[in-house]
Amino acid sequence: MAGTTEAIKGLCRFCKTPLETTLVDLGMSPLCQTHLEAAELNQGEEFFPLKTFICEKCLLVQLHEYVTPDKIFTEYAYFSSFVDTLLRLAEKYADAVTTRFGLGPKSKVIEVASNDGYLLQYFVRKGIPVLGIEPAANVAKAAEQKGVPSLVRFFGVQTAKDLVAQGVQADLLLGNNVLPHVPDLHDFVGGLKILLKKGGVITIDFQHLMRMMEGNQFDTIYQEHFSYLSLTFVKKLFAHYSLTLFDVEEVPTHGGSLRIFARHSDESGPVEPRVAAMLAVEEKAGMNTLAHYQAFEARVKETKYKLLDLLIQAKRQGKSIAGYGAAGKTNTLLNYCGIRSDFIDYTVDRNPYKQGKFLPGTHIPIYPPDRIRETKPDYLFIGPWNLVTEIMEQTAYIREWGGKWIVPIPEARIFP
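All residue numbers for the sequence shown refer to my numbering, where the first residue is 1300 and numbers rise by one.
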């Protein structure tokens, strides 16, 4: 990797054009889900460049692949079931697609990157056969405990071929927030094409690049996210594998996501007007022109300055600050801004897998949420701003001692 032209300059992972144009450079950062044990605090830590490029030909925003997926996802610290909002949305999705596509006991629902079974469990409850494909064995184990059969494997063309050889294909093939995590887009979408049964439907959710830029959500850039996607690009990617997008929905996850619906291109059926409408929205926003992307970095820097100003002022006034959430985005934000335990005393997280450990890079300790009541901080810094409503509801008790919330994105704000 180091010292090679490929790593320093790189080629677009879709069209192989040399990457010359930077979207934003967030410096160096550790893997955002690699939480540290106490014994590791005095050891060296790996940091990797968080420099995003935009392909001048296909306009795909992307990171270089400095870290292979097996190093990131073989054992993973993110469990979706600890996010109540995701559970509610998952149940709503399962109800909607079951009705829309007439799924039943003879159907097969397959989810790629199925995590801890937080979504497929709702199909299991309906008596619909499911299969989860999940590379992280520790997370897949949690899915099995929910009654979700899980294949511990990375997904791509070979996995799809092996399943088809066993007589397994999907009536509904889905993936939520997985497409950005895939370094080889061709292998992944090529696999979707193979695994989708004739007459079947694909749904894929991904964070919408347009909303990310509008909301200044630069903290969603981290090594686990290799690509940052627009509908315009995804339509082109799926068409390359003879898959037609026939509908699209906006969903609220991750600060604003898209859910696409796709089928085999040789199958007839209407294309909903929402596809053309969203493509037009992207074009109007400037997403199809290189110039649109070049002002983003200046906005990111200004957000950093404002956040540090707010925190410095609070600390000079003798205020105590605790964090809520050990999410990936939180680690990007803290490492980019240089915010460590000199600003934030500790953070809390509902996920027992993270408790008792330390945030990567910043070494801020992670405790269970009860720690907040014990220490009564003046401010609670909400790292996962996309869950701000849920977190404020769960921590409304901080008002008892006059506590307030700090939300860093799209710009630093204090909520009384």
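Just so it is clear, CB atoms sit at the ideal spot from N, CA and C, and this is done for glycine as well.
Please read all numbers here as calculations on a predicted model, not as lab measurements.
- [ ] Less than 8 Å between the CB atoms is what I'm expecting for Lys1618 and Asp1677, so what's the real figure, rounded?
- [x] Locating residue 1618 in the sequence shown gives position 319, counting from the first residue. Locating residue 1677 in the sequence shown gives position 378, counting from the first residue. About 4 Å separates the two Cβ atoms, so the contact holds.
- Take Pro1482 and list the residues in its own chain whose beta-carbon comes closer than 7 Å to its own, dropping the five residues that flank it on each side. In the sequence shown, counting from the first residue as 1, residue 1482 sits at position 183. Here the set comprises Arg1312, Glu1364, Pro1368 and Phe1525.
- Task: Rank Thr1502, Ile1353, Thr1519 and Thr1398 by C-alpha distance to the C-alpha of Ala1412 and give the top, closest one.
- Result: For the purposes of this step, residue 1412 is taken as the residue at position 113 of the sequence shown. With distances taken between Cα atoms, Ala1412 lies closest to Thr1502.
| request: Mind checking who Ser1556 pairs with in its DSSP beta bridge? | output: As a working mapping, residue 1556 is identified with position 257 in the sequence shown. Gln1506 and Val1550, per the DSSP bridge assignment.
**Message:** Which complete alpha helix (DSSP H) runs does the segment 1583 to 1655 hold, if anything under 4 residues is left out?
**Reply:** Whole alpha helix (DSSP H) segments, 4+ residues: 1595 to 1615 and 1627 to 1636.
What are the boundary residues of the beta strand (DSSP E) that includes Ala1469?
What you label residue 1469 is simply residue 170 of the sequence shown in a count that begins at 1. Here the beta strand (DSSP E) through Ala1469 covers Ala1469 to Asn1475.
Other residues of its chain near Glu1390: CB distance less than 7 Å, five sequence neighbours each side excluded
Within the sequence shown, numbered from 1, the residue matching residue 1390 stands at position 91. The residues Tyr1421, in chain order, have a CB closer than 7 Å to that of Glu1390 in the same chain once the five nearest residues on each side in sequence are set aside.
If I'm right that Leu1508 touches Val1360 with Cβ under 8 Å, what's the distance once you round it to whole angstroms? Counting from 1 along the sequence shown, the entry for residue 1508 is found at position 209. Counting from 1 along the sequence shown, the entry for residue 1360 is found at position 61. That belief holds up - the Cβ atoms of Leu1508 and Val1360 are roughly 6 Å apart, short of 8 Å.
| said: In the DSSP assignment, the alpha helix (DSSP H) including Glu1692 goes from what residue to what residue? | reply: Within the sequence shown, residue 1692 is the residue found at index 393, counting from 1. Unbroken alpha helix (DSSP H) run through Glu1692: Val1687 to Gln1693.
So, do the segment 1443 to 1459 and the segment 1387 to 1401 have three or more beta carbon pairs nearer to each other than 8 Å? no
Check your understanding: Tell me, which residues are paired with Ile1681 by DSSP?
Key -> Here the question's residue 1681 lines up with position 382 in the sequence shown. Ile1681 is bridged by DSSP to Tyr1623.
**Asked** For the putative contact between Val1599 and Phe1505, defined by C-beta atoms under 8 Å, what is the C-beta separation to the nearest angstrom?
**Response** Taking the sequence shown and counting its residues from 1, the one referred to as residue 1599 is at position 300. Taking the sequence shown and counting its residues from 1, the one referred to as residue 1505 is at position 206. Their Cβ separation, rounded to whole angstroms, is 21 Å, which puts Val1599 and Phe1505 out of contact at 8 Å.
**Residues sharing a beta bridge with Val1429, DSSP** = Walking along the sequence shown from the start, residue 1429 turns up at place 130. Note: Val1429 sits in a beta bridge opposite Val1408.
Sort out for me which residues DSSP pairs Ser1526 with in a bridge. Position 227 of the sequence shown, counting from 1, holds the residue named residue 1526. The partner list for Ser1526 (beta bridge, DSSP) reads Gln1361.
Quick check on the burial criterion: 16 or more other C-beta atoms within 10 angstroms. Buried or exposed for Trp1684? Position 385 of the sequence shown, counting from 1, holds the residue named residue 1684. Result: buried.
Worksheet item: Does the segment 1623 to 1633 come close enough to the segment 1330 to 1344 to have 3 or more Cβ pairs within less than 8 Å?
Response: yes
*Drop a sphere of 10 angstroms on the beta-carbon of Leu1589, count the other beta-carbons inside from all chains shown, and report buried for 16 or more, exposed for fewer.*
The residue you call residue 1589 lines up with position 290 of the sequence shown. Burial call: exposed.
### Message
Would Leu1358 and Asn1515 qualify as a contact pair, given that the criterion is a beta-carbon distance under 8 Å?
### Response
For the purposes of this step, residue 1358 is taken as residue 59 along the sequence shown, with counting starting at 1. For the purposes of this step, residue 1515 is taken as residue 216 along the sequence shown, with counting starting at 1. Cβ distance not < 8 Å, so Leu1358 and Asn1515 don't count as in contact.
Quiz item: DSSP state of Ala1301, grouped into three classes?
Solution: Residue mapping note: residue 1301 aligns to position 2 of the sequence shown, counting from 1. Its pLDDT being 35, under 50, Ala1301 is placed unreliably by the model, and the measurement read from it follows with that caveat. DSSP, reduced to helix, strand and coil, places Ala1301 outside both helices and strands of the structure shown, so it counts as coil.
Close-in-space but distant-in-sequence residues of the same chain around Ile1409 (CB under 6 Å, 5 per side omitted): Taking the sequence shown and counting its residues from 1, the one referred to as residue 1409 is at position 110. Cβ neighbours of Ile1409 beyond the five flanking positions: Leu1430, Ala1469 and Leu1472.
>> So for Gly1498, helix, strand or coil by DSSP?
In response: For the purposes of this step, residue 1498 is taken as residue 199 along the sequence shown, with counting starting at 1. The three-state secondary structure of Gly1498, taken from DSSP, is strand.
Subject >> Cβ-Cβ distance between Val1438 and Asn1475 below 8 Å >> reply: Here residue 1438 refers to the residue found at position 139 when the sequence shown is read from its first residue. Here residue 1475 refers to the residue found at position 176 when the sequence shown is read from its first residue. Result no, Cβ atoms of Val1438 and Asn1475 do not sit closer than 8 Å.
Requested in this report: Going by DSSP, name the residue or residues bridged to Ile1713.
Outcome: For the purposes of this step, residue 1713 is taken as the residue at position 414 of the sequence shown. Beta-bridge pairing links Ile1713 to Ile1705.
Practice task
Mind checking who Pro1317 pairs with in its DSSP beta bridge?
Solution key: Residue numbering aside, residue 1317 sits at position 18 when the sequence shown is read from its first letter. Pro1317 is bridged to Leu1310.
- Query: Of the residues Lys1534, Ala1435 and Leu1388, which one's Cα is nearest the Cα of Leu1419?
  - Reply: Residue numbering aside, residue 1419 sits at position 120 when the sequence shown is read from its first letter. Taking only the C-alpha atoms, the option nearest Leu1419 is Leu1388.
| message | Quick check on Gly1416: does DSSP put it in helix, strand or coil? | response | Along the sequence shown, read from residue 1 onward, the residue named residue 1416 stands at position 117. Gly1416 falls in the coil class under three-state DSSP.
> Would you call Trp1700 buried or exposed, if buried means 16 or more other Cβ atoms sit within 10 Å of its Cβ?
Replying inline: Position 401 of the sequence shown, counting from 1, holds the residue named residue 1700. The residue is exposed, with fewer than 16 neighbouring Cβ atoms inside 10 Å.
Item to check | Bridge partner(s) assigned by DSSP for Ala1561 | outcome: Working through the sequence shown from its first residue, we reach residue 1561 at position 262. According to DSSP, Ala1561 bridges with Ile1501 and Leu1544.
Helix, strand or coil at Lys1440 [DSSP, three-state]
Locating residue 1440 in the sequence shown gives position 141, counting from the first residue. In the structure shown, Lys1440 sits in a helix (DSSP, three-state: H, G or I).
Grab the span of the beta strand (DSSP E) containing Thr1351 for me, first residue to last. Counted from its first residue, the sequence shown places residue 1351 at position 52. Here the beta strand (DSSP E) through Thr1351 covers Phe1347 to Ile1353.
*asked:* Rounding to the nearest angstrom, what Cα-Cα distance links Gly1326 and Lys1350 in this structure?
replied: Along the sequence shown, read from residue 1 onward, the residue named residue 1326 stands at position 27. Along the sequence shown, read from residue 1 onward, the residue named residue 1350 stands at position 51. Taking the straight line joining both Cα atoms gives about 7 Å.
_Exposure of Ile1708, with buried meaning 16 or more beta-carbon neighbours within 10 Å_ = Locating residue 1708 in the sequence shown gives position 409, where the first residue counts as 1. By the neighbour-count rule (16 or more Cβ atoms within 10 Å), Ile1708 is buried.
Nearest CA to the CA of Gln1465: which residue from Leu1494, Lys1440 and Ala1441? Here residue 1465 is taken as the residue at index 166 of the sequence shown, counted from 1. Here the closest residue by C-alpha is Leu1494.
With a threshold of 7 Å on Cβ separation, who are the neighbours of Phe1381 within its own chain once the five nearest residues in sequence on each side are excluded? One-based indexing of the sequence shown puts residue 1381 at position 82. For Phe1381, where only same-chain residues beyond five positions count, the Cβ hits under 7 Å are Arg1649 and Asn1650.
Extent of the continuous alpha helix (DSSP H) to which Thr1333 belongs
By 1-based counting over the sequence shown, the position of residue 1333 is 34. Looking at the DSSP string, Thr1333 is not in any alpha helix (DSSP H), and its letter there is neither H nor E.
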